[in-house]
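Everything below concerns the one structure shown next.
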Amino acid sequence: MDVNVSPSCPPRTRSKVKNLIGEFASGMTNILGKLVQGWTGLSEGESDEVGRLFRNVAAAGASIPIGVHGRFEYNSSQATSDT
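Going by my numbering, the first residue of the sequence shown is number 1, and it counts up by one from there.
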């Protein structure tokens, strides 16, 4: 995997960066695969409902505050319960 790292970056650090990016990419592929499997396994009515919910969440996500360092700030009022 090609990683855009400064040539002055020590080989050991470069290796750690490549490993971290590889793990992240693998995890994202796994998550997206499970999402697609779950979505395609729904009935037509369920799929429509999930689509509506997803659009609502995606629209709300555009207004999530971002901190000074570009990271999402945790807002407990947006947390979902497991019940």
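We put the CB at the ideal spot given by N, CA and C, even for glycine.
Give a yes or no on whether 8 angstroms exceeds the smallest Cβ distance from residue i to chain D.
i          : result
residue 36 : Considering every chain present, this structure includes no chain D. It has just one protein chain.
If you follow the alpha helix (DSSP H) that residue i is in, where does it begin and where does it stop?
i          : result
residue 26 : 11 to 40
According to DSSP, is residue i part of a helix, a strand, or is it coil?
i          : result
residue 4  : coil
residue 43 : coil
Report yes if the C-beta distance between residue i and residue j is below 8 angstroms; otherwise report no.
i          : j          : result
residue 42 : residue 50 : yes
residue 39 : residue 47 : yes
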